[in-house]
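As structure tokens, the structure follows; a few thoughts come after it.
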Amino acid sequence: MYRRLLAALAPLLVAACQLAPEGRCERDGDCLAGQHCSASICVSNLDTGDIGASCAADADCDAWSACDAGRCVLATGACTASLDCPSWATCADHACVPLAGRCGTSADCPTGSGCDARVNRCLPSCASSADCAAWQECGAANVCVPSPGHCDDAGGCHRTQTCCLQARNCAGEDHACVDPALPPLVPGSVVLWGTLEAGRPGRSAIARLEPRKPLDPPSFPYVGFGASAYGLRAFITGSGELLYTQHESESGDRQRIRVSRQDSFAWDASLSWWRYPEATAANDPEVPTPACDGAVALTSWVVQRGTGDVLYACGGSTYFDVTGALRLSGYELHAWQADGSMLVTRTDATGTAWLALDPSGNEAPLTGFALASGETVVAVRTSVMGFRLVVRDAAGALSLWEVSGLYPAIGLGEYPPVAGYTPLQLALAEDGALHLLATKDGPSGGEVVLRLTLPTATPPSEKSVVYDEARAPGILWWTTDPSIFFVFADPATSRLVTGP
0 MYRRLLAALA
10 PLLVAACQLA
20 PEGRCERDGD
30 CLAGQHCSAS
40 ICVSNLDTGD
50 IGASCAADAD
60 CDAWSACDAG
70 RCVLATGACT
80 ASLDCPSWAT
90 CADHACVPLA
100 GRCGTSADCP
110 TGSGCDARVN
120 RCLPSCASSA
130 DCAAWQECGA
140 ANVCVPSPGH
150 CDDAGGCHRT
160 QTCCLQARNC
170 AGEDHACVDP
180 ALPPLVPGSV
190 VLWGTLEAGR
200 PGRSAIARLE
210 PRKPLDPPSF
220 PYVGFGASAY
230 GLRAFITGSG
240 ELLYTQHESE
250 SGDRQRIRVS
260 RQDSFAWDAS
270 LSWWRYPEAT
280 AANDPEVPTP
290 ACDGAVALTS
300 WVVQRGTGDV
310 LYACGGSTYF
320 DVTGALRLSG
330 YELHAWQADG
340 SMLVTRTDAT
350 GTAWLALDPS
360 GNEAPLTGFA
370 LASGETVVAV
380 RTSVMGFRLV
390 VRDAAGALSL
400 WEVSGLYPAI
410 GLGEYPPVAG
420 YTPLQLALAE
430 DGALHLLATK
440 DGPSGGEVVL
450 RLTLPTATPP
460 SEKSVVYDEA
470 RAPGILWWTT
480 DPSIFFVFAD
490 PATSRLVTGP
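So for the sequence shown, numbering that gives the first Met the number 0 puts the first residue at 0; every next one is plus one.
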């Protein structure tokens with residue numbers, strides 16, 4: 000029995016005597032779990048040089064990997080599969096290689112072409128912007144890319160803008176970046192024409208003024224008026240268009256009347272900031288003033304209520320329409336009703352008289368309205384019934400009158416006093432609210448817009464500040480985001496604009 004047991008155990012005892020010393024091996028089976036036999040030594044399965052293996056230096060890793068924090072990782076530009084590469088490249092021999100016609104830099108492109116890094120494509124090289132389309136410029140890689148404010152299928156616009164591609168989505172300039180369309184201006188309201196940068200009238204912008212709100216601008220400022228138009232006469236038509244005077248010193252101090260068209264900021268993708276529109280009058284149609292062309296300067300013009308038609312004077316008291324036909328002579332025109340009646344003044348040896356002219360041009364006195372000594376008319380506009388005038392007396396008090404050649408004048412009331420402010424300009428809204436662009440008295444100074452209402456208004460006789468330059472943010476730079484902006488007023492050149 001004992002002999003039979005020894006015979007059964009003999010093979011196992013022999014095998015035990017043949018076990019290699021700990022850590023030595025001849026095959027993987029001689030090692031513990033998680034190890035393998037390498038050069039007769041059991042080593043960790045992680046110490047292979049493969050991705051994720053432990054390492055002390057780059058030499059411990061495969062040629063296409065590197066040692067980082069004790070682990071082998073892919074070297075820059077290396078790969079194990081195409082998924083490790085950019086979309087424009089494929090993995091070949093553990094290296095990311097550009098696909099045909101694709102690139103990471105211009106070095107990947109054949110002679111005579113460069114890499115458009117926006118789309119990682121090889122394009123024909125350019126020496127200057129003259130080699131490119133009108134909406135392009137020669138970029139840093141010597142390939143044609145969209146110039147600021149322009150775009151293509153690969154982009155170029157800010158996220159808030161639309162790329163205008165005529166064949167698809169808009170009728171504007173092809174390859175132009177277009178801002179969101181702004182709602183039309185309201186002819187019965189009053190807006191502030193100022194500048195996005197204090198002291199720089201060439202950055203003109205329109206801000207809408209709302210009761211009891213310091214400033215209520217649209218999502219983008221209404222821009223597109225050059226410095227030559229800043230501070231001159233302007234009207235909002237019945238359709239919400241802005242008509243303005245453009246002064247052209249380069250053409251003999253000529254003045255033109257133009258219809259404003261919204262301009263777009265130019266997003267400069269290379270600098271990641273906004274540029275103010277250039278050549279802002281280029282897309283603004285000119286209102287014809289043939290009677291002034293080549294003769295004397297445009298001196299005055301008025302817009303008709305409702306229609307938006309224009310009468311203009313070339314010096315003196317003679318007014319013409321856009322065809323050059325004579326429409327009024329011997330009077331100064333102040334307001335023009337939709338039915339053709341006019342509010343005018345006539346000056347002769349006896350003084351200046353305010354009159355109405357019926358649609359046929361016949362004089363009609365303003366019954367019940369006469370200016371006392373020291374009184375002046377400081378604002379006028381058309382109304383539903385006729386015309387409205389704001390009168391300032393010798394003491395500075397302001398009152399509103401409704402006048403017409405058809406019925407006696409009506410005194411509508413006196414506005415609250417404006418002590419503490421020096422008025423610069425006044426504009427009358429359709430609802431009778433009087434807006435004053437003024438400076439604060441005292442050492443602090445600064446520009447404000449006051450909104451004055453009559454005793455019959457709701458709330459009655461209110462004086463509210465609807466704009467205060469002191470409320471401008473301390474740090475404000477519209478070039479980073481035009482939806483965050485402030486329109487500054489300039490006491491010499493800013494103005495309030497309203498309907499006729």
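The C-beta atom is built at its ideal place from N, Cα and C for all residues, glycine as well.
Residue range of the beta strand (DSSP E) that residue i falls in?
i: V402; result: 397-402
i: R326; result: 325-328
i: P538; result: No information on residue 538 is available, as it lies outside the stretch 0 to 499 that the chain covers here.
i: G410; result: 409-413
i: V417; result: Neither: V417 is in no beta strand (DSSP E) and is coded neither H nor E.
i: Q254; result: 253-258
i: H434; result: 433-439
i: W272; result: 272-274
i: V144; result: 143-145
i: D267; result: 265-267
i: A175; result: 175-177
i: T194; result: 190-196
i: G364; result: A small fix is needed here, since residue 364 is Pro in this sequence, not Gly. First-last of the beta strand (DSSP E) with P364: 362-364.
i: V72; result: 70-73
i: F386; result: 386-391
i: S64; result: 64-67
i: D115; result: 112-115
i: V383; result: First-last for V383: undefined, no H or E at that position.
i: E136; result: 135-137
i: V486; result: Here V486 belongs to no beta strand (DSSP E), and DSSP marks it neither H nor E.
Here's the rule I'm using: 16 or more other beta-carbon atoms within 10 Å means buried, otherwise exposed. How should residue i be labelled?
i: N119; result: buried
i: Y221; result: buried
i: P186; result: buried
i: R387; result: buried
i: S127; result: exposed
i: P459; result: exposed
i: Q165; result: exposed
i: D27; result: exposed
i: A55; result: exposed
i: S39; result: exposed
i: E285; result: exposed
i: G350; result: exposed
i: Y406; result: exposed
i: M341; result: buried
i: C163; result: buried
i: T298; result: exposed
i: A432; result: buried
I need the DSSP call for residue i, collapsed to helix, strand or coil.
i: A469; result: helix
i: T279; result: helix
i: L370; result: coil
i: S463; result: strand
i: G305; result: coil
i: L82; result: helix
i: S299; result: strand
i: G154; result: strand
i: D59; result: helix
i: S203; result: strand
i: D27; result: helix
i: A126; result: coil
i: L18; result: Per-residue confidence for L18 stands at a pLDDT of 44, beneath the threshold of 50, marking its modelled position as unreliable; the derived number appears in the next sentence. Reduced to three states, the DSSP call for L18 is coil.
i: D88; result: Reading off the sequence, residue 88 comes out as Ala, not Asp. If DSSP states are grouped into helix, strand and coil, A88 belongs with the strands.
i: D107; result: helix
i: A426; result: strand
i: E285; result: strand
i: P97; result: strand
i: R232; result: coil
i: V376; result: strand
i: C131; result: coil
i: L495; result: strand
i: Q245; result: strand
i: E240; result: coil
i: T161; result: strand
i: Q261; result: coil
Is there a Cβ from chain C that is less than 9 Å from the Cβ of residue i?
i: A268; result: In summary, chain C is missing from the structure at hand, where a single protein chain is found.
On the three-pair Cβ rule with 8 Å, is the stretch 345-364 touching the stretch 321-333?
The stretch 345-364, when compared against the stretch 321-333, does touch it at the 8 Å Cβ threshold.
Three-pair Cβ contact test at 8 Å for the stretch 136-154 versus the stretch 258-267
Flag = yes, the stretch 136-154 and the stretch 258-267 touch.
Starting from the N-terminal side, write out each stretch of the beta strand (DSSP E) that is 3 residues or longer and does not extend beyond the stretch 311-354.
Counting only runs of 3 or more, we get 317-319, 325-328, 331-335, 341-347.
Should the stretch 60-79 be called in touch with the stretch 91-101, which here means at least 3 C-beta pairs below 8 Å?
When C-beta atoms of the stretch 60-79 are compared with those of the stretch 91-101, three or more pairs fall below 8 Å, so the two segments count as touching.
Between the stretch 274-284 and the stretch 304-321, do three or more beta carbon pairs fall short of 8 Å?
The stretch 274-284 is not in contact with the stretch 304-321.
Sufficient close CB pairs (3 or more, under 8 Å) joining the stretch 187-199 to the stretch 297-307:
Flag = no, the stretch 187-199 and the stretch 297-307 do not touch.
Are three or more beta carbon pairs between the stretch 393-405 and the stretch 369-384 nearer than 8 Å?
Using a Cβ-Cβ distance cut-off of 8 Å, the stretch 393-405 and the stretch 369-384 are in contact, since at least three pairs of beta carbons, one from each stretch, lie closer than that value.
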